[in-house]
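Some notes on the structure that comes next.
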Amino acid sequence: MNGIKSWLNRIPTAVFPGAELYPGPVTGVLPAWIWTFGGQLIETVGSTIRPTATYPKNIEAFKWIRTWAQFYGSLSPVASGVTGFQNGTVAMNAGSSSEVNSTVNAGISFTIGRVPHPPGGQNGTWGGGTAVAVPVGVKNVDLSMKLARFFGETEVQVQRFLSPVGAVLPANWDALITVGRQLPAVWGPLLDQFPEARPRTPLWIDYYVNQLNPAMNAVVRGDKTPEQALEEVQLVMEERFREVFGK
1 MNGIKSWLNR
11 IPTAVFPGAE
21 LYPGPVTGVL
31 PAWIWTFGGQ
41 LIETVGSTIR
51 PTATYPKNIE
61 AFKWIRTWAQ
71 FYGSLSPVAS
81 GVTGFQNGTV
91 AMNAGSSSEV
101 NSTVNAGISF
111 TIGRVPHPPG
121 GQNGTWGGGT
131 AVAVPVGVKN
141 VDLSMKLARF
151 FGETEVQVQR
161 FLSPVGAVLP
171 ANWDALITVG
181 RQLPAVWGPL
191 LDQFPEARPR
201 TPLWIDYYVN
211 QLNPAMNAVV
221 RGDKTPEQAL
231 EEVQLVMEER
241 FREVFGK
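So for the sequence shown, this note's numbering puts the first residue at 1; every next one is plus one.
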(Lines of atoms letter the chains of each structure in order from A and count residues from 1; the text may use other names and numbers.)
(Lines give C-alpha, C1' and ligand atoms only; values in the text may rest on other atoms or scores of the structure.)
Protein backbone atom coordinates (compact mmCIF):
# COMPACT_ATOMS: atom_id res chain seq x y z
CA MET A 1 0.00 0.00 0.00
CA ASN A 2 2.85 2.41 0.79
CA GLY A 3 4.33 1.69 -2.63
CA ILE A 4 1.03 2.56 -4.30
CA LYS A 5 0.77 5.79 -2.31
CA SER A 6 4.32 6.72 -3.28
CA TRP A 7 3.53 6.08 -6.97
CA LEU A 8 0.35 8.15 -6.83
CA ASN A 9 2.30 11.07 -5.38
CA ARG A 10 4.51 11.14 -8.47
CA ILE A 11 1.78 11.37 -11.12
CA PRO A 12 -0.48 14.30 -11.99
CA THR A 13 -4.02 13.95 -10.80
CA ALA A 14 -6.76 13.64 -13.38
CA VAL A 15 -10.37 14.68 -13.84
CA PHE A 16 -12.65 12.90 -16.29
CA PRO A 17 -16.08 14.04 -17.47
CA GLY A 18 -18.87 11.56 -16.90
CA ALA A 19 -18.99 9.95 -13.46
CA GLU A 20 -17.17 9.84 -10.15
CA LEU A 21 -14.57 7.15 -9.54
CA TYR A 22 -14.73 6.35 -5.86
CA PRO A 23 -16.16 3.66 -3.58
CA GLY A 24 -19.64 4.38 -2.33
CA PRO A 25 -22.95 5.73 -3.59
CA VAL A 26 -22.78 7.92 -6.68
CA THR A 27 -25.30 10.73 -6.97
CA GLY A 28 -26.46 12.36 -10.17
CA VAL A 29 -23.99 10.75 -12.58
CA LEU A 30 -25.17 7.15 -12.82
CA PRO A 31 -26.13 7.13 -16.54
CA ALA A 32 -22.47 7.59 -17.43
CA TRP A 33 -21.58 4.18 -16.03
CA ILE A 34 -24.46 2.54 -17.88
CA TRP A 35 -23.25 4.04 -21.17
CA THR A 36 -19.64 3.22 -20.31
CA PHE A 37 -20.58 -0.46 -20.23
CA GLY A 38 -22.46 -0.19 -23.53
CA GLY A 39 -25.89 0.08 -21.95
CA GLN A 40 -28.86 2.14 -23.05
CA LEU A 41 -31.74 3.87 -21.30
CA ILE A 42 -34.27 4.37 -24.10
CA GLU A 43 -35.17 2.93 -27.47
CA THR A 44 -37.24 4.43 -30.24
CA VAL A 45 -39.60 2.18 -32.18
CA GLY A 46 -41.35 4.17 -34.89
CA SER A 47 -42.63 7.24 -33.07
CA THR A 48 -42.67 5.53 -29.67
CA ILE A 49 -39.96 6.15 -27.04
CA ARG A 50 -39.55 3.39 -24.47
CA PRO A 51 -37.35 3.07 -21.37
CA THR A 52 -34.85 0.18 -21.38
CA ALA A 53 -33.71 0.05 -17.75
CA THR A 54 -33.37 -3.75 -17.84
CA TYR A 55 -31.06 -3.82 -20.87
CA PRO A 56 -28.40 -6.54 -20.21
CA LYS A 57 -25.48 -4.10 -20.30
CA ASN A 58 -27.24 -1.94 -17.71
CA ILE A 59 -27.32 -4.93 -15.37
CA GLU A 60 -23.62 -5.51 -16.05
CA ALA A 61 -22.90 -1.90 -15.12
CA PHE A 62 -24.85 -2.25 -11.87
CA LYS A 63 -22.89 -5.36 -10.98
CA TRP A 64 -19.62 -3.52 -11.53
CA ILE A 65 -20.80 -0.54 -9.46
CA ARG A 66 -21.71 -2.90 -6.62
CA THR A 67 -18.29 -4.58 -6.70
CA TRP A 68 -16.41 -1.29 -6.83
CA ALA A 69 -18.52 0.45 -4.19
CA GLN A 70 -18.06 -2.41 -1.72
CA PHE A 71 -14.34 -2.73 -2.38
CA TYR A 72 -13.33 -1.03 0.88
CA GLY A 73 -16.22 -2.40 2.93
CA SER A 74 -17.54 1.10 3.54
CA LEU A 75 -20.00 3.26 1.68
CA SER A 76 -17.89 6.40 2.12
CA PRO A 77 -14.30 5.48 3.05
CA VAL A 78 -12.85 8.88 2.08
CA ALA A 79 -13.95 12.35 1.09
CA SER A 80 -14.56 12.21 -2.65
CA GLY A 81 -15.98 14.20 -5.52
CA VAL A 82 -14.38 17.47 -6.54
CA THR A 83 -13.71 18.40 -2.88
CA GLY A 84 -11.88 15.15 -2.24
CA PHE A 85 -10.03 15.53 -5.51
CA GLN A 86 -8.85 19.03 -4.66
CA ASN A 87 -7.93 17.96 -1.10
CA GLY A 88 -6.01 14.94 -2.33
CA THR A 89 -8.08 12.14 -0.78
CA VAL A 90 -8.83 10.72 -4.24
CA ALA A 91 -6.51 10.69 -7.26
CA MET A 92 -9.25 10.84 -9.88
CA ASN A 93 -12.59 12.55 -10.08
CA ALA A 94 -14.93 12.04 -12.99
CA GLY A 95 -16.88 15.24 -12.89
CA SER A 96 -18.11 17.92 -15.24
CA SER A 97 -16.91 21.03 -17.03
CA SER A 98 -18.29 23.14 -14.18
CA GLU A 99 -15.57 21.72 -11.89
CA VAL A 100 -12.62 22.51 -14.14
CA ASN A 101 -12.43 26.23 -13.36
CA SER A 102 -12.51 25.67 -9.62
CA THR A 103 -9.76 23.07 -9.90
CA VAL A 104 -7.63 25.40 -12.04
CA ASN A 105 -8.22 28.25 -9.59
CA ALA A 106 -7.18 25.97 -6.71
CA GLY A 107 -3.72 25.76 -8.29
CA ILE A 108 -3.87 21.99 -8.77
CA SER A 109 -1.86 20.32 -11.52
CA PHE A 110 -4.19 17.93 -13.32
CA THR A 111 -5.10 16.54 -16.68
CA ILE A 112 -8.36 15.50 -18.36
CA GLY A 113 -9.15 12.37 -20.33
CA ARG A 114 -11.77 9.85 -21.28
CA VAL A 115 -12.99 7.34 -18.71
CA PRO A 116 -11.70 3.89 -19.77
CA HIS A 117 -14.42 1.46 -20.78
CA PRO A 118 -14.60 -2.34 -21.04
CA PRO A 119 -14.85 -4.22 -24.35
CA GLY A 120 -18.20 -3.41 -25.93
CA GLY A 121 -18.47 -0.18 -23.97
CA GLN A 122 -18.17 3.43 -25.03
CA ASN A 123 -17.40 6.90 -23.77
CA GLY A 124 -20.04 7.59 -21.14
CA THR A 125 -19.77 11.37 -21.09
CA TRP A 126 -23.05 13.27 -21.31
CA GLY A 127 -24.18 16.85 -21.62
CA GLY A 128 -26.67 18.89 -19.73
CA GLY A 129 -27.21 22.51 -18.93
CA THR A 130 -29.59 25.10 -17.62
CA ALA A 131 -32.32 27.00 -19.40
CA VAL A 132 -34.42 30.13 -19.07
CA ALA A 133 -38.03 29.05 -18.61
CA VAL A 134 -41.12 31.02 -19.53
CA PRO A 135 -43.93 30.15 -17.07
CA VAL A 136 -47.28 29.00 -18.35
CA GLY A 137 -49.78 31.87 -18.18
CA VAL A 138 -47.16 34.64 -18.23
CA LYS A 139 -48.79 38.00 -19.00
CA ASN A 140 -46.35 39.20 -21.65
CA VAL A 141 -45.34 36.19 -23.75
CA ASP A 142 -43.51 38.19 -26.43
CA LEU A 143 -41.36 40.09 -23.94
CA SER A 144 -40.63 36.89 -22.03
CA MET A 145 -39.47 35.15 -25.20
CA LYS A 146 -37.26 38.13 -26.06
CA LEU A 147 -35.64 37.84 -22.63
CA ALA A 148 -35.07 34.12 -23.10
CA ARG A 149 -33.49 34.71 -26.52
CA PHE A 150 -31.32 37.48 -25.03
CA PHE A 151 -29.73 35.02 -22.62
CA GLY A 152 -28.96 32.76 -25.56
CA GLU A 153 -27.11 35.39 -27.59
CA THR A 154 -23.43 34.80 -28.30
CA GLU A 155 -22.06 37.88 -26.55
CA VAL A 156 -24.27 37.40 -23.49
CA GLN A 157 -23.18 33.79 -23.06
CA VAL A 158 -19.52 34.70 -23.49
CA GLN A 159 -19.78 37.43 -20.87
CA ARG A 160 -21.63 35.14 -18.47
CA PHE A 161 -18.88 32.55 -18.72
CA LEU A 162 -16.19 35.17 -18.13
CA SER A 163 -18.05 36.70 -15.17
CA PRO A 164 -17.33 35.69 -11.53
CA VAL A 165 -20.51 33.58 -11.49
CA GLY A 166 -19.60 31.80 -14.71
CA ALA A 167 -18.40 28.22 -14.46
CA VAL A 168 -20.38 26.29 -17.01
CA LEU A 169 -19.61 26.36 -20.72
CA PRO A 170 -21.96 28.25 -23.09
CA ALA A 171 -24.69 26.36 -24.92
CA ASN A 172 -24.55 28.79 -27.85
CA TRP A 173 -22.15 27.18 -30.35
CA ASP A 174 -20.51 30.44 -31.48
CA ALA A 175 -20.03 31.43 -27.83
CA LEU A 176 -18.53 28.01 -27.06
CA ILE A 177 -16.02 28.35 -29.92
CA THR A 178 -15.13 31.88 -28.77
CA VAL A 179 -14.65 30.79 -25.16
CA GLY A 180 -12.83 27.61 -26.15
CA ARG A 181 -10.10 29.57 -27.90
CA GLN A 182 -9.43 31.51 -24.68
CA LEU A 183 -9.34 28.56 -22.28
CA PRO A 184 -6.15 27.09 -20.80
CA ALA A 185 -4.74 24.06 -22.63
CA VAL A 186 -5.94 21.72 -19.87
CA TRP A 187 -9.49 22.12 -21.27
CA GLY A 188 -8.53 20.63 -24.65
CA PRO A 189 -9.19 16.92 -23.96
CA LEU A 190 -12.59 17.80 -22.45
CA LEU A 191 -13.67 19.95 -25.40
CA ASP A 192 -12.59 17.16 -27.75
CA GLN A 193 -15.30 14.95 -26.23
CA PHE A 194 -18.26 17.17 -27.11
CA PRO A 195 -19.04 15.25 -30.34
CA GLU A 196 -19.39 12.08 -28.23
CA ALA A 197 -21.48 13.54 -25.42
CA ARG A 198 -25.06 12.32 -25.08
CA PRO A 199 -28.02 14.58 -24.40
CA ARG A 200 -30.12 14.01 -21.33
CA THR A 201 -32.72 11.27 -21.59
CA PRO A 202 -36.39 12.37 -21.66
CA LEU A 203 -37.79 12.62 -18.11
CA TRP A 204 -34.22 12.53 -16.81
CA ILE A 205 -35.07 13.80 -13.31
CA ASP A 206 -37.54 10.97 -12.83
CA TYR A 207 -35.27 8.46 -14.55
CA TYR A 208 -31.79 9.34 -13.24
CA VAL A 209 -32.41 11.07 -9.93
CA ASN A 210 -35.66 9.60 -8.62
CA GLN A 211 -35.27 6.04 -9.88
CA LEU A 212 -31.80 4.96 -11.03
CA ASN A 213 -29.78 6.54 -8.24
CA PRO A 214 -31.87 5.08 -5.37
CA ALA A 215 -31.90 1.73 -7.18
CA MET A 216 -28.13 1.80 -7.49
CA ASN A 217 -27.70 2.64 -3.81
CA ALA A 218 -30.02 -0.24 -2.88
CA VAL A 219 -27.76 -2.57 -4.89
CA VAL A 220 -24.63 -1.16 -3.23
CA ARG A 221 -26.14 -1.77 0.23
CA GLY A 222 -27.07 -5.32 -0.74
CA ASP A 223 -30.80 -4.68 -0.35
CA LYS A 224 -31.56 -5.69 -3.95
CA THR A 225 -29.90 -7.51 -6.81
CA PRO A 226 -29.11 -5.49 -9.94
CA GLU A 227 -31.86 -7.38 -11.78
CA GLN A 228 -34.48 -6.62 -9.11
CA ALA A 229 -33.55 -2.97 -8.83
CA LEU A 230 -33.61 -2.31 -12.57
CA GLU A 231 -36.86 -4.23 -13.07
CA GLU A 232 -38.52 -1.93 -10.56
CA VAL A 233 -37.11 1.12 -12.35
CA GLN A 234 -38.39 -0.26 -15.66
CA LEU A 235 -41.94 -0.68 -14.38
CA VAL A 236 -42.07 2.85 -12.95
CA MET A 237 -40.58 4.48 -16.03
CA GLU A 238 -42.82 2.59 -18.45
CA GLU A 239 -45.80 4.11 -16.68
CA ARG A 240 -44.22 7.58 -16.60
CA PHE A 241 -43.43 7.47 -20.32
CA ARG A 242 -47.04 6.45 -21.06
CA GLU A 243 -48.34 9.31 -18.89
CA VAL A 244 -46.19 11.92 -20.60
CA PHE A 245 -45.95 10.68 -24.17
CA GLY A 246 -49.32 8.96 -24.34
CA LYS A 247 -48.03 5.69 -25.77
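Backbone N, C-alpha and C define an ideal beta-carbon position, used for all residues, glycine too.
- Taking C-beta atoms under 8 angstroms as the contact rule, Val115 and Gly95 fail to qualify, at a distance of about 11 angstroms.
- Residue environment: Ala106 is assigned as exposed (fewer than 16 neighbouring CB atoms within 10 Å of its CB, all protein chains considered).
- When the beta-carbon positions are compared, Ile42 and Ile34 stay at least 9 angstroms from each other.
- Boundaries of the beta strand (DSSP E) harbouring Thr48: 48–51, taken from the DSSP string.
- Partner residues in a beta bridge of Phe85, as assigned by DSSP, do not exist.
- A direct Cα-to-Cα measurement between Asn123 and Asn58 gives close to 15 angstroms.
- Under the DSSP assignment, Thr111 falls in the beta strand (DSSP E) whose first and last residues are 110–112.
- For Ile34, the uninterrupted alpha helix (DSSP H) run begins and ends at 30–36, by DSSP.
- DSSP places Glu43 within a strand segment (E or B) once states are collapsed to three.
- When the five nearest sequence neighbours on each side are left out, the beta carbons in the same chain lying within less than 8 angstroms of the beta carbon of Pro189 are those of Thr111, Ile112, Gly113, Arg114, in order along the chain.
- The three-state secondary structure of Arg200, taken from DSSP, is coil.
- In this structure, the CA atom of Val179 is about 24 angstroms from the CA atom of Lys146.
- Per DSSP, the continuous alpha helix (DSSP H) segment holding Trp173 begins and ends at 173–180.
- The count of Cβ pairs closer than 8 angstroms, one atom from the segment 147–158 and one from the segment 62–72, stays below three, leaving the stretches out of contact.
- If you ignore the 5 residues before and after Ala61, its C-beta comes within less than 6 angstroms of the C-beta of Trp33, Ile34, Phe37, Gly39, all in its own chain and listed in chain order.
- In terms of CA proximity to Trp187, Ser109 leads the group Pro56, Ser109, Phe245.
- When Thr44, Thr54, Gly46 are compared, the shortest CA-CA separation from Leu235 is found for Thr54.
- In the DSSP assignment, Trp126 is bridged to Arg198.
- A residue is called buried once 16 or more other Cβ atoms fall within 10 Å of its Cβ, and Ala133, having fewer, is exposed.
- Contact check for Asp206 against Arg240 passes: the beta carbons are separated by less than 9 angstroms.
- Cβ contact annotation for Pro184 (same chain, cutoff 7 angstroms, sequence separation greater than five): Val104, in chain order.
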